[in-house]
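Asker: Take 34 as the starting number for the sequence shown in the numbering used here and just add one per residue.
Don't be surprised by glycine CBs; every beta carbon is placed ideally from N, CA and C.
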Amino acid sequence: MLKVFYDGTCPRCIADRRWYESLPRAAAGVEWIDITGRDAELRALGIDPYLALTELHVQDEAGRIHRELDAYILLFARVPRTAPLAWLIGLPLIRTLLSRVYRRWVLRRLRRDGRL
Numbered sequence: 034m035l036k037v038f039y040d041g042t043c044p045r046c047i048a049d050r051r052w053y054e055s056l057p058r059a060a061a062g063v064e065w066i067d068i069t070g071r072d073a074e075l076r077a078l079g080i081d082p083y084l085a086l087t088e089l090h091v092q093d094e095a096g097r098i099h100r101e102l103d104a105y106i107l108l109f110a111r112v113p114r115t116a117p118l119a120w121l122i123g124l125p126l127i128r129t130l131l132s133r134v135y136r137r138w139v140l141r142r143l144r145r146d147g148r149l
């Protein structure tokens with residue numbers, strides 16, 4: 034089972050979770066964990082709470098932690114409908130560009146909400 038650590042106070046994150054769960058065969062084998070107020074649990078898993086807030090983290094079946102785009106690639110690759118997207122965002126140039134955009138968007142959202 035994959036464990037997805039997401040920001041449960043973020044409306045966009047909640048909407049993304051709902052979208053993913055609506056995909057055929059996506060919800061099976063995925064546990065969603067709201068990181069809000071779970072700093073000690075995150076640290077016990079080796080996840081920095083600040084990074085958990087600014088990057089998506091997914092723990093795979095073997096216990097390895099994947100973060101940011103690697104986490105998205107892992108999630109998207111599991112679902113036939115989104116597998117091409119996993120391949121696309123894994124391409125070097127796209128991956129670099131998308132990573133920059135993602136980081137800016139998250140930091141802007143957190144600052145706007147007074148959480149950073």
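Answer with buried or exposed for residue 80, where buried requires no fewer than 16 other C-beta atoms within 10 angstroms of its C-beta.
Answerer: Result: buried.
Asker: Quick one: what does DSSP say residue 139 is sitting in, helix, strand or coil?
Answerer: helix
Asker: Using a Cβ-Cβ cutoff of less than 8 angstroms, which residues in the same chain neighbour residue 84 once the five nearest sequence positions on both sides are dropped?
Answerer: These residues qualify, in order along the chain: 90 and 100.
Asker: Looking only at its chain, what residues have a beta carbon closer than 6 angstroms to the beta carbon of residue 59, apart from the 5 residues adjacent to it on each side?
Answerer: 53 and 112
Asker: Check whether the Cβ atoms of residue 108 and residue 128 sit closer than 8 angstroms, and answer yes or no.
Answerer: no
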